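Chains as they are written, first to last, in my numbering: chain B, 5 to 50; chain P, 34 to 189; chain S, -3 to 546.
The beta-carbon is built from N, C-alpha and C at its ideal position, and this holds for glycine as well.
Predicted, not measured: the structure shown is a model, and the values here were computed from it.
Contents: one structure, followed by commentary.
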Amino acid sequence: MVKDNKQSPKQQDEQSLKGTFVSVMLLGGFIALSWLGIFILFVSRG
Amino acid sequence: MHLHRLEKIWLVFGISMLVVFLCVIGVAAFALGMQPPSGHSHSIDPQKVNETPPFDNPRLEQIGENEYNAYMVAYVFGYSPAKMEIPLGATVHFQITSSDVVHGFEIPGTNVNLMVVPGEVNHYTHTFTEPGEFLLLCNEYCGAGHEYMATTITVK
Amino acid sequence: MTQTAEQGFDRKDSRLVLAHILFAFASLLLGGFAGLLQGMVRGGVITLPAGIGYYQLLTAHGVLMALVFTTYFIIGFLYSGLSKTCGGKLLPAASKLGWIGFILMAVGTVIATIVILLNQATVLYTFYAPMKASPWFYIALALVVVGSWVSGFGMFYQYRSWRKSNPGKLSPLFAFMAVGTMILWLIATLGVAATVLVQFIPWSFGWVDTIDVMVSRTLFWYFGHPLVYFWLLPAYACWYVIIPKIIGGKVFSDALARLAFILFLLFSIPVGFHHQLMEPGISPVWKYIQVILTFMVIVPSLMTAFSIFGTFETAGRAKGAKGLFGWFKMLPWKDVRFFAPMLGMLAFIPGGAGGIINASHQLNGAIHNTLWVTGHFHLTVATTVALTFFGISYWLIPAITNRVLTPKLNRLGIIQTIIWAVGMLFMSGSMHTVGLFGSPRRTAYTTYQDHPDAVLWMPYHVAMAVGGVILFISLLLLAYNVVALLRSPKGYTEYPIAEASEEAGTTPRILERWGVWIGIAVALILFAYTIPFLDMLNDPTPGSKPWVTW
Chain B
5 MVKDNKQSPK QQDEQSLKGT FVSVMLLGGF IALSWLGIFI LFVSRG
Chain P
34 MHLHRLEKIW LVFGISMLVV FLCVIGVAAF ALGMQPPSGH SHSIDPQKVN
84 ETPPFDNPRL EQIGENEYNA YMVAYVFGYS PAKMEIPLGA TVHFQITSSD
134 VVHGFEIPGT NVNLMVVPGE VNHYTHTFTE PGEFLLLCNE YCGAGHEYMA
184 TTITVK
Chain S
-3 MTQTAEQGFD RKDSRLVLAH ILFAFASLLL GGFAGLLQGM VRGGVITLPA
47 GIGYYQLLTA HGVLMALVFT TYFIIGFLYS GLSKTCGGKL LPAASKLGWI
97 GFILMAVGTV IATIVILLNQ ATVLYTFYAP MKASPWFYIA LALVVVGSWV
147 SGFGMFYQYR SWRKSNPGKL SPLFAFMAVG TMILWLIATL GVAATVLVQF
197 IPWSFGWVDT IDVMVSRTLF WYFGHPLVYF WLLPAYACWY VIIPKIIGGK
247 VFSDALARLA FILFLLFSIP VGFHHQLMEP GISPVWKYIQ VILTFMVIVP
297 SLMTAFSIFG TFETAGRAKG AKGLFGWFKM LPWKDVRFFA PMLGMLAFIP
347 GGAGGIINAS HQLNGAIHNT LWVTGHFHLT VATTVALTFF GISYWLIPAI
397 TNRVLTPKLN RLGIIQTIIW AVGMLFMSGS MHTVGLFGSP RRTAYTTYQD
447 HPDAVLWMPY HVAMAVGGVI LFISLLLLAY NVVALLRSPK GYTEYPIAEA
497 SEEAGTTPRI LERWGVWIGI AVALILFAYT IPFLDMLNDP TPGSKPWVTW
């Protein structure tokens, strides 16, 4: 309990959203890969 | 407004990714010539297509060593000229209009995919690097015979 | 404002909301039946009997699903939230306007359906000129649009009343989102109203000879893109305001949620050209400018993704979840009120990614008018938005009728949701794939005289038909569930509205100064459209005469 209070609010804040961050980065990765796929398809057909 | 540090990072990453996409497609379009169909405005009286050159005589016309203009008309439910034979490796500048309703003009397996709008002439250039019998079909609903509106282009 | 636990939903308002929800579901069922037949025709499973054409079905499907089901559900849902959060009941004037809107739209829907069934409007829901439908088709559409405006005015009236009675206070988040949605709708529908009233109706009656096709297409797509945000924003309102309550959490950030909606208002409209990228008569520069603006509207969705996951994680950690993804498992997966919208959210991952591809300027040529596009919007509106709306219904119908969502109905709801998701996996998955191979959308059964390309498409069309059958089964179960909800035991069902988290800080008041944001939205529209639109208007080329090609 005492240990938790010594953490700054900023640190507590950051720890608690790591899962969110990873999730959205995975989403971003999906967007990037799918976009790249269609881009390559388009260029190959040109 | 309070933005969590990780949200800031995410948005910077996300927006940067979008900027990269925009730059790639922008450069491809304006510097490398990979534009969507229609570079310049080209109007035509939709009631007079069959009397307006060059659409009064739809045809494939050689204009260079391996370069052609294809003057085409889309109508319910076909294309004119109905059949074309294109030499392998030729670059074809399609110019197409409609004498009635909006049609599509799609060659599956290629990037030739454009809208044919009455009152306008659409332009698209494609180099046929593969031989074969290419399907050319209308992909914009135009009426009862829409699914019959197709032909083939021979490249050899 | 809080209500005591036993204070149910206002009974008078219940009738208004229920009327909208049930009309929406009736439309969904009819439209879904058309879709079932379409899938089976294209998959080569059936041929249609004489008397109904594929393209008639397709027109009915588009109108009933994309215009009627959506608009009715949205207006009903938004009215319910305004009643709940802005004083506990609708003011008499707001309610009256809601009913007037309902009736106008209903009359329009009935007329449109009749005209479509009579084969006098086989022009699909985009009704592109110069195909000419019966004037009554366009009049019917005008009635639906004008009706929705009246409903919108009722909502604005309720909201303004609340603000006058609560000076200096931040408006309820749901109400803010409802107002933002209807402002977007009002500005967007000006385009389709203009083309229908000024161009199509006079031309279809024969009072003018010709129609400017490019102008009509541009006015339509000025409307057609924000239309999809009209669908999406109420789903987002559910995710932002209602889902947190269901999972036992709070609104992640009130300010960022409002900011997202403002960004949608600004950037959803000046972007219609990305639906016209393959057309002549629009300069490549203006196409690209509107592509840039389109990309800006992606940003509030990126923000929303973070907010939603953040809500989940915060709620989970507060309950003791550990590790990177412990909170994910702690979500109430067995609660249909969460499960259905959650699957909708997951569908938006490929749905949104596909949308970014579609908007990418020349890349659009790889997928334009192919079944990829159909796959895309079946993921976005027909899964993301639809499953969210279904999830809402499972608590909204009991909440407004003073009944309970029984455990049995909750389970049936979960099953219905899963069946829908499976059907869509088959159907949208095949559509995306076969679209990349070039199979066109909006096309009846054909193998193009057995051309090898087209023959290769057939297995995918069969898979689409399978998906369509599965989806229809889900629809039948949904219909059963709705009827069962209307007959379930009496009792109190919560209308879940989450409170805002204090950690997110205060909300800047400027976000609620609608005048500012509407002004900027209009400025952006004028910037994006004035020059290219004037080019079209100034073109002296004659327009097109009417064509009836079916």
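Label residue i either buried or exposed according to how many other C-beta atoms from any shown protein chain fall within 10 Å of its C-beta, with 16 as the threshold for buried.
| i | result |
| --- | --- |
| residue 108(S) | buried |
| residue 86(S) | buried |
| residue 83(P) | exposed |
| residue 213(S) | buried |
| residue 82(S) | buried |
| residue 8(B) | In this prediction, residue 8(B) has a pLDDT of 48, which is less than 50 and means its spatial position is unreliable; what the coordinates show is noted afterwards. So residue 8(B) counts as exposed. |
| residue 534(S) | exposed |
| residue 412(S) | buried |
| residue 476(S) | exposed |
| residue 11(B) | With a pLDDT of only 47 at residue 11(B), under the threshold of 50, the placement of this residue in the model should not be trusted; the figure read from the coordinates follows. Counting Cβ neighbours within 10 Å, residue 11(B) comes out exposed, since fewer than 16 surround it. |
| residue 148(S) | buried |
| residue 246(S) | buried |
| residue 146(P) | buried |
| residue 153(S) | buried |
| residue 462(S) | buried |
| residue 45(P) | exposed |
| residue 24(S) | buried |
Have a look at the options and flag the residue whose alpha-carbon is nearest the alpha-carbon of residue i.
| i | options | result |
| --- | --- | --- |
| residue 173(S) | 405(S), 234(S) and 138(S) | 234(S) |
| residue 156(P) | 105(P), 80(P) and 45(P) | 105(P) |
| residue 188(S) | 68(S), 433(S) and 125(S) | 125(S) |
| residue 551(S) | 237(S), 388(S) and 98(S) | This structure cannot settle anything about residue 551(S), because the visible part of chain S is limited to -3 through 546. |
| residue 29(S) | 485(S), 499(S) and 470(S) | 470(S) |
| residue 269(S) | 183(S), 289(S) and 252(S) | 289(S) |
| residue 161(P) | 183(P), 154(P), 117(P) and 153(P) | 117(P) |
| residue 79(P) | 187(P), 189(P), 182(P) and 150(P) | 150(P) |
| residue 445(S) | 93(P), 165(P), 180(P) and 187(P) | 180(P) |
| residue 155(S) | 76(S), 418(S), 342(S) and 103(S) | 76(S) |
| residue 253(S) | 161(S), 518(S), 512(S) and 496(S) | 496(S) |
| residue 200(S) | 134(S), 257(S) and 236(S) | 134(S) |
| residue 502(S) | 255(S), 342(S) and 71(S) | 255(S) |
| residue 512(S) | 70(S), 345(S), 320(S) and 259(S) | 259(S) |
| residue 64(P) | 372(S), 280(S) and 230(S) | 280(S) |
Tell me, to the nearest whole angstrom, how far the beta carbon of residue i is from that of residue j; I am working on the premise that it is less than 8 Å.
| i | j | result |
| --- | --- | --- |
| residue 52(S) | residue 118(S) | 5 Å |
| residue 54(S) | residue 438(S) | 6 Å |
| residue 144(P) | residue 50(B) | 6 Å |
| residue 128(S) | residue 543(S) | 6 Å |
| residue 141(P) | residue 121(P) | Not a contact, Cβ separation roughly 18 Å. |
| residue 467(S) | residue 408(S) | Between residue 408(S) and residue 467(S) the Cβ distance is about 16 Å, and since that is not below 8 Å, they are no contact. |
| residue 158(P) | residue 124(P) | 6 Å |
| residue 134(P) | residue 175(P) | 5 Å |
| residue 44(B) | residue 349(S) | No, residue 44(B) and residue 349(S) are not in contact; Cβ-Cβ is about 15 Å, not under 8 Å. |
| residue 385(S) | residue 310(S) | Not a contact, Cβ separation roughly 26 Å. |
| residue 585(S) | residue 69(P) | Chain S is shown from -3 up to 546; residue 585(S) falls before or after that span and cannot be answered. |
Run down chain S in chain order and give the residues with a C-beta less than 7 Å from the C-beta of residue i.
| i | result |
| --- | --- |
| residue 67(P) | 358 |
| residue 48(B) | Simply none; closest approach about 10 Å. |
| residue 170(P) | 436 and 444 |
Ignore the nearest five residues each way along the sequence and tell me which others in residue i's own chain have a CB closer than 6 Å to its CB.
| i | result |
| --- | --- |
| residue 130(S) | 111, 116 and 117 |
| residue 217(S) | 268, 271 and 272 |
| residue 103(P) | 93, 125 and 127 |
Cutting at 8 Å between CB atoms, please list the residues of its own chain near residue i, excluding the five before and the five after it.
| i | result |
| --- | --- |
| residue 369(S) | 354, 363, 431 and 437 |
| residue 486(S) | 398, 399 and 400 |
| residue 435(S) | 366, 367, 450, 453, 456 and 457 |
| residue 484(S) | 394, 399, 400, 401, 402 and 405 |
| residue 545(S) | 127 |
Run through chain B and tell me which residues come within less than 8 Å of residue i, C-beta to C-beta.
| i | result |
| --- | --- |
| residue 313(S) | 20 |
| residue 36(P) | Per Cβ cutoff of 8 Å: no residues; residue 36(P) is ~11 Å from chain B at best. |
Residues in the same chain with beta-carbon distance under 7 Å from residue i, minus the five sequence neighbours each way, listed in chain order, please.
| i | result |
| --- | --- |
| residue 491(S) | 5, 80 and 395 |
| residue 206(S) | 538, 539, 540 and 541 |
| residue 100(S) | 139, 142, 143 and 146 |
| residue 15(B) | Note on residue 15(B): pLDDT 49, under 50, position unreliable in the model; no value is reported. |
Along chain P, which residues have their Cβ under 7 Å away from the Cβ of residue i?
| i | result |
| --- | --- |
| residue 302(S) | 40 and 43 |
Check the Cβ of residue i against every Cβ in chain S and list those closer than 8 Å, keeping chain order.
| i | result |
| --- | --- |
| residue 83(P) | The contacting residues do not exist; residue 83(P) stays about 14 Å from chain S at best. |
| residue 105(P) | What residue 105(P) touches in chain S: nothing, since even the nearest Cβ is about 13 Å away. |
Give the residues of chain P in contact with residue i, contact being defined as C-beta atoms less than 8 Å apart.
| i | result |
| --- | --- |
| residue 440(S) | 179 and 180 |
Identify the contact partners of residue i in chain B, using a Cβ-Cβ distance below 9 Å as the criterion.
| i | result |
| --- | --- |
| residue 432(S) | 42 and 45 |
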